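Right, one structure below, let's go through it.
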Amino acid sequence: ESRAAAAKAAAVLDLFESVCAREEAELGRIDAIAGDGDHGQGMAYGSKGAAAAAKEALEGGAGARTLLVRAGEAWSESAGGTSGALWGAALIAAGGVFDDQAGSEPRTVVDAIDAGIDAVQRLGGATVGDKTMVDAAAPFRETLDTAFTGDNAAAAILEAAGVAREAADATADITATLGRARVLGEKSVGTPDPGAISFSILMKELGQHLS
Ligand code: ADP
Ligand code: MG
Ligand code: MG
């Protein structure tokens, strides 16, 4: 059970690494318009570091909890930047929901995602409308919690990811007030928040992967 859960978590981090590598240029392009242009690189480095740490933890016999905590630490260290600290904290919080001995029931997966989003909101202090990844993560979470009925984690994640993508795209209409983009707030109008876009892409891929 616990080995299977750890292997599943490591596979998700591998997936995140390849998706972030695929999206690196586009995320960098979006961040360059009103931010500092490093979001693609931050996500690529962070997910790569996390996937490597997860692989090492899995080979060392770690359970899902330990694996996710190590992956989160590695994400923050490898990425640097605001989003790296937030994704790292999210993985560490998600790991806290797992038990090193237990498996990955659908309910545990959903609780882990919820805990990760809570950590992002707690640590970053952003609320909806600040033009950050929270603009995608908060409606994602609401939809996930409503759509999940006990055993349909993948379908609920996919449905929530669709809502998150629409919310991420809609951030193009707002002026950024938090993070580096605030400096160039007005410039960000017409361009979506890069962290909201990357969040929605990763959740869609996660939903597809679990289906
Ligand atoms: P940096 O801003 O340090 O260059 P990145 O470019 O990797 O880091 O990430 C930028 C993204 O981080 C933003 O698009 C936004 O989604 C997210 N972000 C910034 N500040 C916050 C915050 N306080 N809470 C949540 N997300 C935030
Ligand atoms: Mg940046
Ligand atoms: Mg930066």
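Just so we're on the same page, UniProt numbering is the position in the sequence shown counted from 1, plus 360.
For each residue, glycine too, the CB sits at the ideal point set by N, CA and C.
These figures come from a predicted structure and were not determined experimentally.
- When the beta-carbon positions are compared, Gly402 and Ala439 come within less than 8 angstroms of each other.
- Note that the C-beta distance between Leu418 and Gly400 is not below 8 angstroms.
- Using a Cβ-Cβ distance cut-off of 8 angstroms, the stretch 462-475 and the stretch 430-449 are not in contact, since fewer than three pairs of beta carbons, one from each stretch, lie closer than that value.
- Straight-line spacing of the CA atoms in Ser571 and Ile557 works out to 21 angstroms.
- The alpha carbon of Asp374 has as its nearest neighbour, out of Asp533, Ala412 and Ala364, the alpha carbon of Ala412.
- Around Asp529, the same chain offers Pro552 as residues with beta carbons nearer than 6 angstroms, after the five sequence neighbours per side are excluded.
- Of all C-beta pairs linking the stretch 425-432 to the stretch 380-399, fewer than three are shorter than 8 angstroms, placing the two stretches out of contact.
- Take the alpha-carbon of Cys380 and the one of Phe559: they are about 10 angstroms apart.
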